[in-house]
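Counting from 3, one number per residue, gives the positions in the sequence shown under my numbering. Below you'll find the structure, written out as C-alpha cells, and then a few comments.
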Amino acid sequence: MEAVGVVTAVGPGLTGRKVGDLVAYAGKPMGAYAEEQILPADKVVPVPPSIDPIIAASVLLKGMTAQFLVRQCFKVEDFVTRVNEITSGKGVEVVYDCVGKDTFEGSLTCLKLRGYMVSFGQSSGTPDPVPLSALAAKSLFLTRPSLMHYTVTRDELLKNCIRDSAHFNLSGTAFGGMASLAKSTNSRDDGVL
C-alpha cells in the first residue's frame, strides 16, 4: 500500500519528475512489494532529503490517513445540539463513546430515557466520576466493557473471535516464524510473515 523508490524512467513530456528523484506513494495502484513499478506521475510525491526513505515508506499512508481524518473529516460541531435536532429532542437509545473526558458528559446528555452508554475509550482522558444521580435522572445504563471480560472461557473466545479466513489469512500461507525488526525488510524473502 505504500512504498518509496527512485525514479528510473519518465514518460515523454513529463515535467516535475526526473530520473534519480526519490519519490513515495500510498494507495493505488497496488504493488508496493514489486522491485519496479510503473506509476502515474500524479500519484507520487517527492521525499525530502531530510526524511529517511525507510521512515517515509513506513509512515506515508498512516500519516495521510491521520491527516485527512483529523483535518478533513472532523467537523467542529455541538454534537449534543445536533443529536437533539435529529431526534426532535428525544435522544438516542445508545451511545458508544470512544473519546472519553471531552465527550462523556455530552454523550450522557444525548441519551433518551433508559438509554445505554457504552464507554470504551479515553483518548481525551479519563472521564470524571459520574454521580449515580446523573444516571437516575433518566434511568440510564452505563458500562465500561473490556474485551478480556468477554473472552474469559474458550467458548466465549470462539464466539467472539473473527472466524472469516480472510481476516486470519488462512488461505494456505505458512507462517514460518518471526523476524527481528532490523531484518524485517528481508522477512518476505526469507519466507517469514
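We put the CB at the ideal spot given by N, CA and C, even for glycine. If you're wondering where the values come from, they're calculated on a predicted model, not measured in any experiment.
Spatial neighbours of V116 within its chain, please: CB distance less than 6 Å, with the 5 preceding and 5 following residues excluded, ordered by chain position.
-> Here the question's residue 116 lines up with position 114 in the sequence shown. Here the sequence assigns Arg to residue 116, which means Val is not the residue at that position. In its chain, beyond the 5 residues on either side, S141 have a beta carbon closer than 6 Å to the beta carbon of R116.
Would a C-beta distance cut-off of 9 Å place G13 and E38 closer than the cut-off?
-> For the purposes of this step, residue 13 is identified with residue 11 of the sequence shown, where counting begins at 1. For the purposes of this step, residue 38 is identified with residue 36 of the sequence shown, where counting begins at 1. It is not a contact, given that the beta carbons lie outside the stated cut-off.
Use the C-beta contact count for C75: other C-beta atoms within 10 angstroms, 16 or more gives buried, fewer gives exposed.
-> Along the sequence shown, read from residue 1 onward, the residue named residue 75 stands at position 73. If you draw a 10 Å sphere on the C-beta of C75, you find fewer than 16 other C-beta atoms in it, and that means exposed.
In terms of DSSP beta bridges, what is A5 paired with?
-> Your numbering for residue 5 matches position 3 in the sequence shown. Within the DSSP bridge table, the entry for A5 names Y27 as partners.
Using the C-alpha atoms, what's the distance from H151 back to T159?
-> Here residue 159 refers to the residue found at position 157 when the sequence shown is read from its first residue. Here residue 151 refers to the residue found at position 149 when the sequence shown is read from its first residue. The sequence given here places Leu at residue 159; Thr does not occur at that position. CA-to-CA, the gap between L159 and H151 works out to about 10 Å.
Give the secondary structure of F143 by DSSP, where H, G and I count as helix, E and B as strand, and everything else as coil.
-> Position 141 of the sequence shown, counted from the first residue, corresponds to residue 143. Correct three-state label for F143: strand.
Using a threshold of 9 Å, state whether the C-beta atoms of D104 and F122 are closer than that.
-> Along the sequence shown, read from residue 1 onward, the residue named residue 104 stands at position 102. Along the sequence shown, read from residue 1 onward, the residue named residue 122 stands at position 120. Here D104 is not near F122, since their CB atoms are 9 Å or more apart.
Buried/exposed call for G127, threshold 16 Cβ in 10 Å = Within the sequence shown, numbered from 1, the residue matching residue 127 stands at position 125. That one is exposed.
Would you mind reading off the limits of the beta strand (DSSP E) that contains R116?
-> Indexing the sequence shown from 1 puts residue 116 at position 114. Per DSSP, the unbroken beta strand (DSSP E) holding R116 starts and ends at 113–121.
Residue closest to V132, alpha-carbon to alpha-carbon, out of A34, F106, V49, T155 | By 1-based counting over the sequence shown, the position of residue 132 is 130. Out of A34, F106, V49, T155, F106 has the C-alpha closest to the C-alpha of V132.
Classify P129 as buried or exposed, calling it buried when 16 or more other Cβ atoms lie within 10 Å of its own Cβ.
-> For the purposes of this step, residue 129 is taken as the residue at position 127 of the sequence shown. So P129 counts as buried.
Would M119 be called buried (16 or more neighbouring beta carbons within 10 Å of its own) or exposed?
-> Reading the sequence shown from its first residue, position 117 is the one you call residue 119. So M119 ends up on the buried side.
When DSSP labels each residue in this structure, what does V96 get in the three-state scheme?
-> Residue numbering aside, residue 96 sits at position 94 when the sequence shown is read from its first letter. If DSSP states are grouped into helix, strand and coil, V96 belongs with the strands.
Go through its chain and collect everything with a Cβ distance to T89's Cβ below 7 Å, but skip five positions before and after it.
-> Reading the sequence shown from its first residue, position 87 is the one you call residue 89. Contacts found: none.
Secondary structure at V47, three-state DSSP: helix, strand or coil?
-> For the purposes of this step, residue 47 is taken as residue 45 along the sequence shown, with counting starting at 1. DSSP places V47 in strand when its eight states are reduced to three.
Q124 versus S148, V49, A138, residue with shortest Cα-Cα distance | Counting from one through the sequence shown, the residue named residue 124 turns up at place 122. Comparing alpha carbon positions, the residue from S148, V49, A138 closest to Q124 is S148.
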